[in-house]
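Visitor: Residues 40 to 333 (my numbering) make up the sequence shown, in order. Quick reminder that beta carbons are idealized off the backbone N, C-alpha and C, glycines included. Just so we're clear, the structure is a prediction, and the values are computed from it rather than from any experiment.
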Amino acid sequence: MEIIITGDKGFIGSHISKKLKELGHKVIGLDLPKHDLRTCELPVAEGMIHLSANMGGVGFFTTEQFNPTLDNILMDARVIKHCQKHNIKLFYPSSACAYPLTSMNMGLELDELLLDSPYEPDQMYGFEKLFITKLSEFADFDFRVGMFHTIYGEGQEFEGKRAKFIPQICYKFATQDEIEVWGDGKQTRTFLYIDDAVEMILEVFFSDKYSGPVNISGKREISVSEVVGILSDITDKVNIKYDKSKPTGPTRRAVDMNKFYNNYQTREKITFGEGIRRVFNYVKSNCHSTGVLS
């Protein structure tokens, strides 16, 4: 099958492109600087996995709400219209941020039915993701959505304002003696290692059982302090400073994976302990670079 991957040089895109090629598919990669999806000519193929986005972690979106949202709207609209026009099967990565903040902070498990709730998503990024997620349900072509929940692994930016929690905290433990942690350590997330995420994404993309937006996530809920504890054990660093003045996002994000488990076969293979050890070792080996792992 010939498949377009937007953002194919990014973290998730590069791993998906590699896996698809291993499976014998032809990949057409689109990424900056050559391909600006807001303006460039788009190719035609049988399928597209659209991963390009202007995004970062909670620190980035706390200060950057306007321009990234506009960029993502423009890219998404062009890609969707193009796929509709040429009847291209489309996979779109939505986000846990599309779920209502009220439900997260109440500690509810995030099942797909909550996407119909009238509550506020997490930041403008969440609004944009929710809009596209709901739009997909009315599409007149094969338009599939996976709700991504904190995918991590080797290849993510680990310093700077776009860095996300796992690579960033690994970088701090690799390079600093006093470790600053945002928040009080009680906030929770689920984490999914990149190899497992790729398997889940591709099963949803190729499956004949797709029945609407579906969570793509690890199952186990893990606190920030537990992550810090694992890295402290790995490094023997115990000088931890929790900064409650920094942004943290929702206090809790638990996930209901029943829809995925009832319709798809892929299951997590890499435990969080093993996954974060791999990421830490990779960051430690590459932290002399600019912060982008090759």
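Is the beta carbon of K173 sitting closer than 8 Å to the one on S134?
Guide: No, the Cβ-Cβ distance between K173 and S134 is not below 8 Å.
Visitor: By DSSP, does S262 sit in helix, in strand, or in coil?
Guide: Strand.
Visitor: Among T305, G288 and K225, which has the Cα closest to the Cα of I261?
Guide: Ranking the options by Cα distance to I261, first place goes to K225.
Visitor: Can you round the beta-carbon distance between F230 and T189 to whole angstroms, since I take them to be within the 8 Å contact cut?
Guide: Contact flag correct, Cβ pair sits at about 5 Å.
Visitor: Grab the span of the beta strand (DSSP E) containing I67 for me, first residue to last.
Guide: K65 to L69 is the span of the beta strand (DSSP E), which, as asked, contains I67.
Visitor: How big is the Cα-Cα spacing for F245 and F204?
Guide: Cα to Cα, F245 sits roughly 30 Å from F204.
Visitor: Could you tell me which residues DSSP pairs with I279 in its beta bridges?
Guide: Partner(s): I218.
Visitor: Please report how far the alpha carbon of G312 lies from the alpha carbon of I269, in whole angstroms.
Guide: Between G312 and I269, the C-alpha separation is close to 7 Å.
Visitor: Closer than 7 Å by C-beta to S56: which residues in its own chain qualify, once you throw out the five before and the five after it? Chain order, please.
Guide: I44, D47, V66 and G68.
Visitor: So, with DSSP's three-state summary, where would you put E196?
Guide: E196 falls in the coil class under three-state DSSP.
Visitor: Along the chain, where does the alpha helix (DSSP H) that runs through F177 open and close?
Guide: Premise fails: F177 is in no alpha helix (DSSP H) and is neither H nor E.
Visitor: Where DSSP assigns a beta bridge to F182, which residues make up the other side?
Guide: DSSP, once it has assigned bridges, lists L129 as partnering F182.
Visitor: When the Cα of S284 is compared with those of E265, N111 and D223, which residue comes out closest?
Guide: Answer by Cα proximity: D223.
Visitor: Along the chain, where does the beta strand (DSSP E) that runs through E41 open and close?
Guide: E41 to T45 is the extent of the beta strand (DSSP E) around E41.
Visitor: Buried or exposed: which applies to S328, given that a residue is buried once 16 or more other Cβ atoms fall within 10 Å of its Cβ?
Guide: In this predicted model, S328 has a pLDDT of only 45, less than 50, meaning its place in the structure is not dependable enough to derive any value.
Visitor: Could you give the C-beta distance for M337 and L71, rounded to a whole number, given that I count them as a contact under 8 Å?
Guide: Residue coverage of the chain in this structure runs from 40 to 333, which leaves residue 337 outside it and unanswerable.
Visitor: Where does the unbroken beta strand (DSSP E) through R228 begin, and where does it stop?
Guide: Looking at the DSSP string, the run of the beta strand (DSSP E) that includes R228 is T227 to T229.
Visitor: Could you check where the beta strand (DSSP E) with I358 kicks off and where it finishes?
Guide: Residue 358 falls outside the range modelled here, since the chain spans only 40 to 333, and no answer is possible.
Visitor: What residue range does the beta strand (DSSP E) around G86 cover?
Guide: Segment G86 to H89, the beta strand (DSSP E) holding G86.
Visitor: Taking only three categories from DSSP, how would you classify A293?
Guide: A293 falls in the strand class under three-state DSSP.
Visitor: My output table needs one value for L149: the three-state DSSP class, helix, strand or coil.
Guide: Here L149 sits in strand by DSSP.
Visitor: Below 8 Å, can you find three or more Cβ-Cβ pairs linking the region 117 to 124 to the region 145 to 165?
Guide: Not touching, per the Cβ criterion.
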